[in-house]
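Residues in the sequence shown are numbered consecutively from 0, following numbering that gives the first Met the number 0.
Below is one structure, written out as structure tokens, with a few remarks after it.
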Amino acid sequence: MGFTYLESETERHENDKSAVIKVIGVGGGGGNAINNMIDADIKGVTFIAANTDAQDLQRCKAPFRIQLGEKMLNGLGAGSDPQKGREAALESEDMLRSALEGANMVFIASGFGGGTGTGASPVIAEMCKSMGILTVAVVTKPFRFEGKPRERVADEGIELMRQHADTVIVIPNNKLHSVGTKNTRMIDIFKKADEVLLNSVKGITDLIYMPGYVNLDFKDVERIMSKSGMAIMGIGSASGENRAVLAAEQAFSHPLLEGISISGAKGVLLNITSSEDLSHDEMTSACDRIYQEIGENDTTEIIWGLIYDNSLGEEVRVTLIATGIGLPEAKRNLKVLAGGRRVVAGASPVVDETYGGKVRPAPAIDDDYYDIPTIQRAQFTDSGVVLKEELENFASAKTNLDIPTFLRTQR
């Protein structure tokens, strides 16, 4: 199959200076997310699907479809092996770069814990970074019943994504029960997870393309989302009494986001959309509520906007992007790479002439490194080097792995 182009991309005149946003779904989970976004009729973005499974790729509705590792895997999938997923993406690098070319911003959607999503997504993020593209990853983690080995594979993939993507949003499948009842259909539960991506993309496109009374533009989005760390992107809406505050609280408290609070966020982009009857007190109360949740400090950068849309009637909508969450300041600029190699956050990906100027394959990773939960690896030494004694210390406390990852991160 290789590269398939099904229909014309939205025409853009040469003098059109609007930001180009692309969404790439990687693997089966990413393809499902793409289909749900297309069904929701999201405008202003280009959809791409990339998969090692040719049969699964055929059912994706994306106008651009890329079969990863066609020669190596023959369209039969990666067999839950992230290394095969990575190698497949490297084999298809030229097609991926061609599909991503011209984008100002790319969303990468994938499920982690298996082969294609976990292995190929960090490679694609690294390509985007080398092309100067603002990159946001929205990834899901496995259910608890899928076992700890799969969970560790997902955690390692997320760590790699954090090294290359500007912003990473993690959705744990284990929390899907919180958005339905015992009788809710499974397909509807999965769509709730996809809504996090859908709302993120829609929120960004609305901010960029809709003219505001207090206007926000792509450079504002880029400034906030380029701050390293975890992120929350949420949309809240409410009517009636205290509508603005309620909408703000909805925006920062999505039940599927992995135990993350906006407290201490380093960058916040806030937009309020309402009819012109929004009062000054309502607006300031909503903003104050978010400021209260962040916590007063000298480092958080907040950019806000206001859009009037009289078609909303009494409804108020709040779009919130909070980034740079969850990493101590001393370690925010230095991240651990496989094998103890160090990289400065925001630096260009490793490119090597021996690989034709393309992304260099990942170095070998010690087995002990995989056993360490991501949140603990992020806290190892100010130098960013994983020391032997730290591995030994972790081994003595390995019983903590019996606690689910998202609970360990809250301790």
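Built from N, CA and C at the ideal position, the CB exists for glycine as well.
Remember, predicted model here, so these are calculated numbers, not experimental data.
Asked	Found
Output the distance between the C-alpha atoms of M130 and K181, rounded to the nearest integer angstrom.	45 Å
Along the alpha helix (DSSP H) that carries V213, what are the first and last residues, could you check?	Unbroken run through V213: none, as it is neither H nor E.
For L319, list the residues DSSP reports as bridge partners.	G233, L269
What do you get for Q66, buried or exposed, if any count of 16 or more other CB atoms within 10 angstroms of its CB means buried?	buried
Contact between the stretch 110-130 and the stretch 141-157: three or more CB pairs below 8 Å?	yes
From this set, S274, S225, E221, P254, which residue's C-alpha is nearest R242's C-alpha?	S274
Around the C-beta of E328, are 16 or more other C-beta atoms found within 10 angstroms, so that it is buried, or is it exposed?	Low local confidence applies: a pLDDT of 44 at E328 is under 50, so the model's placement there is unreliable, with the coordinate-based value given in what follows. The residue is exposed, with fewer than 16 neighbouring Cβ atoms inside 10 Å.
Please report the residue range of the alpha helix (DSSP H) in which E248 lies.	242-250
Let me check one thing: in DSSP terms, what residues is T45 bridge-paired to?	K21
Whole angstroms is fine: what's the gap from L175's alpha carbon to R143's?	12 Å
Is the beta carbon of I259 closer than 7 Å to that of I301?	no
Please state the DSSP three-state secondary structure of G383.	Residue confidence is low: G383 scores 39 on pLDDT, short of 50, so the model does not pin down where it sits. Its coordinate-derived value is still stated next. DSSP places G383 in coil when its eight states are reduced to three.
Reducing DSSP to helix, strand and coil, say where D193 ends up.	helix
For a test of the three-state rule: what should DSSP assign to M130, helix, strand or coil?	coil
Taking the Cβ atom as the reference point for each residue, do A49 and V25 lie within a distance shorter than 7 Å?	yes
By DSSP, does M109 sit in helix, in strand, or in coil?	For clarity, residue 109 is Ser in the given sequence; the question names Met instead. Reduced to three states, the DSSP call for S109 is strand.
Could you check which residue in S252, K60, F189, V44 has the C-alpha nearest to that of S236?	S252
Straight-line CA distance for E248 to G233?	10 Å
Could you tell me which whole beta strand (DSSP E) segments of length 3 or greater appear in the stretch 144-203?	166-171
Going by C-alpha distance, which of D80, A61, L319 is nearest I231?	L319
At which residues does the alpha helix (DSSP H) containing T259 begin and terminate?	In the sequence as displayed, the identity of residue 259 is Ile instead of Thr. Careful: I259 lies outside any alpha helix (DSSP H) and carries neither H nor E.
With a threshold of 16 other CB atoms inside 10 Å of the CB of N31, please say whether the residue is buried or exposed.	buried
Name the residue from D205, D55, N73, K226 whose alpha carbon lies nearest to the alpha carbon of A87.	N73
Following the continuous alpha helix (DSSP H) through R58, name the residue where it begins and the one where it ends.	From DSSP, R58 is part of no alpha helix (DSSP H); its letter is neither H nor E.
In the structure shown, what three-state DSSP assignment does A264 receive?	coil
If you reduce the DSSP assignment to three classes, tell me which class N50 lands in.	strand
Are the beta-carbon atoms of V317 and I271 separated by less than 7 Å?	yes
Apply the 10 Å Cβ neighbour rule to Q82 and answer buried if 16 or more other Cβ atoms are within range, or exposed otherwise.	exposed
Excluding five sequence neighbours on each side, which residues of the same chain lie with their C-beta closer than 7 Å to the C-beta of V19?	G101, A102, N103
How would you label V213, buried or exposed, when you count the other beta carbons within 10 angstroms and need 16 or more for buried?	exposed
By DSSP, does L75 sit in helix, in strand, or in coil?	strand
Tell whether a beta-carbon distance below 7 Å holds between V200 and I170.	no
Distance check for E69 and E295, CA to CA, integer angstroms please.	52 Å
May I ask you to report which of helix, strand or coil DSSP gives T115?	helix
Let's test the definition: count the other Cβ atoms within 10 Å of the Cβ of E158 and tell me whether it reaches 16, buried, or not, exposed.	buried
Whole-angstrom Cβ separation of S120 and I107, contact assumed at under 8 Å?	5 Å
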